[in-house]
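Have a look at the structure below, then the notes.
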Amino acid sequence: MPSSSKLVNASEAFELRLVHYLGNHDATSPFVKNCESLIHEGDASALLRAVFNNLPALDVLFDQHQPVRGVVGSEDGIHAFTLLCALLDGVEEIDVEEAKDIMKVIVEAIEKYTVGDDKEKSKEEQSKVVEKKLKMLCAMYNLRHEGQDKCWILSRILHVCAFSGDDESVLSLLPGRDSTLGELLEKNNLGNLLSGLENEGSQSLSNTDKRVLYATASSVTAKVEEICKEKGMDKEGSSANASKQRFLLKMLSTYANVEDVDEEALVAAKKAAIGAINDPISLFNEQRCIMSLPPVIALENDPGTKPLFELLSIFQQGKLEDFQSFQTENADTLTNHSISPTNATRYMRLLSLCSLATEHEEIPYDAIASTLQVDSTDVESWVIDAVSSGLLSAKMDQLEKVVLVERCVVRRFGIEQWKILQKRIDVWKKNVKDVLEGLKSSQIGAASAAM
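So for the sequence shown, our numbering puts the first residue at 11; every next one is plus one.
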């Protein structure tokens with residue numbers, strides 16, 4: 011392949027010193043001699059492959075070698091790695107695809123690096139290795155110019171943080187841990203970052219690029235949830251579970267058509283559907299569009315997942331009686347997907363109350379008791395539960411035994427909902443008109459009296 015201008019124009023003495031450092035100052039080693047030859051030829055691509063396919067060189071980068079002379083600084087390996095990554099620019103000037111390939115070779119080498127038997131290493135040693143991996147990948151992230159490259163490297167950074175066997179690194183991804191990566195996984199911060207990466211480099215981010223990152227973020231937060239459960243951190247585990255579901259939905263939204271749906275999408279859609287059924291409240295707004303996502307729509311086409319699709323549809327727009335009918339005919343669906351019948355029934359009562367509240371501004375206690383299939387004495391507790399969940403805002407007239415609805419979330423918005431909205435707007439317009447006519451009559455009466 012053509013020579014890289016990066017090496018041709020750089021000081022050979024500097025490159026040679028870097029290679030001798032990676033070869034632990036053994037000038038006679040085959041590794042050093044091979045690298046020296048590549049430097050003289052100006053072949054940055056082959057040099058990088060030689061370095062990152064050489065385990066002793068990686069030991070040097072991770073400061074896991076026995077130095078022949080001098081004292082090794084704790085950041086020397088990081089600095090050397092940064093200088094090596096800078097050589098990718100020269101490769102990219104000649105062959106963009108080759109540069110991307112080498113970038114992946116480098117990242118894979120860093121990810122897979124281990125020192126001896128991981129089980130024999132102390133937690134402190136494991137943490138140091140993970141920390142160095144993260145510093146190296148972050149250095150590469152900052153050196154790359156293309157948004158596509160940064161998007162992919164970020165997915166690997168998150169993966170290393172969560173799946174390197176260090177629980178503290180995993181827990182650092184929780185909110186409030188003063189971690190940049192943890193903050194990135196909060197709210198819509200990752201989406202905002204992707205919007206910024208759209209403008210970096212010559213190539214815009216594809217749906218595939220975004221899909222890879224969102225899928226990784228979902229698996230990472232799932233790992234955080236797992237560790238939290240093991241340590242009895244229930245509150246943090248619930249927060250991680252919500253983040254996992256949010257990223258699953260974002261990942262599924264990168265599919266534009268049902269025809270584009272692959273096996274990975276179907277697996278993710280199944281997980282998202284189960285998540286939305288197990289907790290339809292916490293991410294109510296985000297999950298309201300789940301039925302329109304192509305991978306979720308595709309679940310209906312598979313006999314194996316069609317019952318799950320039907321159950322999800324009930325949770326999105328059905329009522330308690332619909333759920334009970336489904337449960338009678340498809341009891342195995344709940345069992346097979348670890349869905350608690352008790353929790354599901356509770357959620358369906360709350361959602362049924364919301365549906366009732368969108369249809370009526372004043373709801374008699376008896377109507378609520380009938381819809382929720384509960385005793386009339388329990389109506390107020392269910393209304394309080396719905397209000398505390400943020401699903402509706404209402405007042406209870408205990409004397410008249412009526413619930414006065416002020417605001418309620420809308421589970422679905424179709425033709426019927428448009429008709430209801432139109433009816434309410436017409437009433438509002440009539441009331442405003444009556445008020446204006448009353449004011450006009452009062453002004454005319456006042457003017458006549460003054461004459």
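Think of the CB as a built atom: it goes at the ideal place given N, C-alpha and C, for glycine as much as any other residue. These figures come from a predicted structure and were not determined experimentally.
Judged by DSSP secondary structure, Ile-373 falls outside any alpha helix (DSSP H) and instead within the beta strand (DSSP E) spanning 372 to 374. A direct Cα-to-Cα measurement between Glu-85 and Ser-137 gives close to 15 Å. As computed with DSSP, Leu-382 is found in no beta bridge at all. Secondary structure note for Asp-407: its beta strand (DSSP E) is the uninterrupted segment 402 to 407.
The residues Ser-39, Phe-41 and Val-42, in chain order, have a CB closer than 6 Å to that of Gly-33 in the same chain once the five nearest residues on each side in sequence are set aside. Contact check for Gly-157 and Gly-211: beta-carbon distance about 5 Å, within the 8 Å limit, so the pair qualifies. In its chain, beyond the 5 residues on either side, Glu-320, Leu-321 and Ile-324 have a beta carbon closer than 7 Å to the beta carbon of Phe-336.
Residue pairing of Leu-414 in beta bridges, as defined by DSSP: Glu-372 and Lys-405. Exclusion of the five residues before and after Leu-144 leaves Ile-167, Val-170 and Cys-171 as the residues of its chain whose Cβ lies within less than 7 Å of its Cβ.
Tyr-224: member of the alpha helix (DSSP H) spanning 217 to 240, first to last residue. The residue among Leu-360, Asp-53 and Leu-449 with its C-alpha nearest the C-alpha of Glu-102 is Asp-53. Between Gln-255 and Leu-303, the beta carbon gap of about 13 Å keeps them out of contact (Cβ cut-off 8 Å). Judged by DSSP secondary structure, Gly-87 falls within the alpha helix (DSSP H) whose first and last residues are 86 to 96.
Across the set Glu-416, Leu-164 and Ala-90, the C-alpha of Leu-164 shows the shortest separation from the C-alpha of Glu-121. Taking one beta carbon from each stretch, the stretch 211 to 226 and the stretch 248 to 264 have 3 or more pairs nearer than 8 Å; the two touch. Here DSSP, grouped into helix, strand and coil, assigns Gln-74 to coil. Here the alpha carbons of Met-113 and Arg-59 stand approximately 10 Å from one another. The Cβ-Cβ distance between Met-150 and Ile-88 does not fall below 8 Å.
Proximity of the stretch 350 to 365 to the stretch 376 to 390 meets the contact definition, three or more beta-carbon pairs being nearer than 8 Å. Following the DSSP letters along the chain, one finds Lys-122 inside the alpha helix (DSSP H) bounded by residues 106 to 122. Within the same chain, and ignoring the five residues on either side of Glu-246 in sequence, the residues whose Cβ sits closer than 7 Å to its Cβ are Leu-184 and Cys-238. By the neighbour-count criterion, in which 16 or more other beta carbons inside 10 Å mark a residue as buried, Asn-251 falls on the buried side. Secondary structure at Glu-208: coil, using DSSP grouped into helix, strand and coil. Taking a 10 Å sphere around the C-beta of Phe-24, we find fewer than 16 other C-beta atoms and assign the residue as exposed. When Cβ pairs closer than 8 Å are counted between the two stretches, the stretch 330 to 350 is seen not to touch the stretch 392 to 404, the count staying below three. Taking Thr-226 as the centre and dropping the five residues before and after it, the same chain places the C-beta of Ser-165, Leu-168 and His-169 closer than 7 Å to its C-beta, in chain order. Taking C-beta atoms as the reference points, Leu-309 and Lys-281 fail to come closer than 8 Å. Around the beta carbon of Cys-299, fewer than 16 other beta carbons sit within 10 angstroms, so the residue counts as exposed.
The shortest CA-to-CA distance from Ser-174 to any of Lys-142, Arg-187, Gly-314 and Ser-458 is the one to Lys-142. If you draw a straight line from the Cα of Asp-289 to the Cα of Val-442, it comes to about 41 Å. In this structure Val-413 touches Ile-378 by the C-beta definition: roughly 7 Å separates them, less than 8 Å. Straight through space, the alpha carbons of Met-358 and Phe-333 are spaced by roughly 7 Å. A direct Cα-to-Cα measurement between Tyr-375 and Val-420 gives close to 21 Å. Ser-348 carries a coil assignment under DSSP once its states are collapsed to helix, strand and coil.
DSSP places Tyr-357 in the helix class (H, G or I) of the three-state scheme.
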